[in-house]
Amino acid sequence: MGLPIGNVTSQIFSNIYLNEFDYFIKHQLKVKHYFRYADDFAIIDKEREYLENLITPIQDFLWTELELELHPKKVKIRKFNQGIDFLGYVILPHYVVLRTKTKKRMFKKLARKKEALLTGLIDGKNFNQSMQSYLGMLKHCEGYRIAEKIKNLDF
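Numbering (UniProt numbering), first residue to last: 1 to 155.
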């Protein structure tokens, strides 16, 4: 679908707009392990064939009921031990790590903020808010080493 990231209204609108989709997945398709945040969702099951057979009814529902389409490059069926790439993290059976692309983007943004701080374009409060935001994000995964790099301004 594509919504502006982080916008509170985007979160509200996606919940309202996709409520019918949630109902369809849970009550009509009877999917047991379904997770959605805004316009991203994941379905987990042991059977590959079951997951493959869900794609067409999901595509049909999204198009006929909501006039939406699944992004063809984002539909993936993989083994759980390979990890689920979801919301900037890779979720594995016993732990969660930050996606490599997310880590690189985070360090790049922090390096720009650090440069802006050193040149006086932003103040310490602004820089610290960004740092704290990323440190908070890292609390949801195995991000201790990354957090230490941020705290030491080593990026």
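The beta-carbon is built from N, C-alpha and C at its ideal position, and this holds for glycine as well.
Mind checking whether residue i and residue j have CB atoms under 9 Å apart?
{"i": "phenylalanine 35", "j": "phenylalanine 86", "result": "yes"}
{"i": "histidine 140", "j": "valine 90", "result": "no"}
With 16 other CB atoms within 10 Å as the buried threshold, where does residue i fall?
{"i": "threonine 100", "result": "exposed"}
{"i": "leucine 18", "result": "buried"}
{"i": "isoleucine 25", "result": "buried"}
{"i": "lysine 74", "result": "exposed"}
{"i": "threonine 102", "result": "buried"}
{"i": "alanine 38", "result": "buried"}
Hey, residue i and residue j are a contact pair by Cβ (cut 8 Å); roughly how many whole angstroms apart?
{"i": "leucine 98", "j": "leucine 138", "result": "7 Å"}
{"i": "phenylalanine 21", "j": "leucine 62", "result": "7 Å"}
Using the C-alpha atoms, what's the distance from residue j back to residue i?
{"i": "histidine 71", "j": "serine 14", "result": "16 Å"}
{"i": "threonine 64", "j": "isoleucine 55", "result": "14 Å"}
{"i": "glutamate 52", "j": "isoleucine 44", "result": "12 Å"}
{"i": "phenylalanine 107", "j": "glutamate 49", "result": "39 Å"}
{"i": "glycine 143", "j": "phenylalanine 155", "result": "14 Å"}
{"i": "lysine 109", "j": "glycine 136", "result": "16 Å"}
{"i": "threonine 9", "j": "aspartate 40", "result": "16 Å"}
{"i": "lysine 29", "j": "lysine 76", "result": "Checking the sequence shown, residue 29 turns out to be leucine, not lysine. Roughly 19 Å separates the two Cα atoms."}
Any chance the CB of residue i is under 8 Å from a heavy atom of the ligand ZN?
{"i": "histidine 94", "result": "Ligands in the displayed structure: none, and consequently the ligand ZN is not present."}
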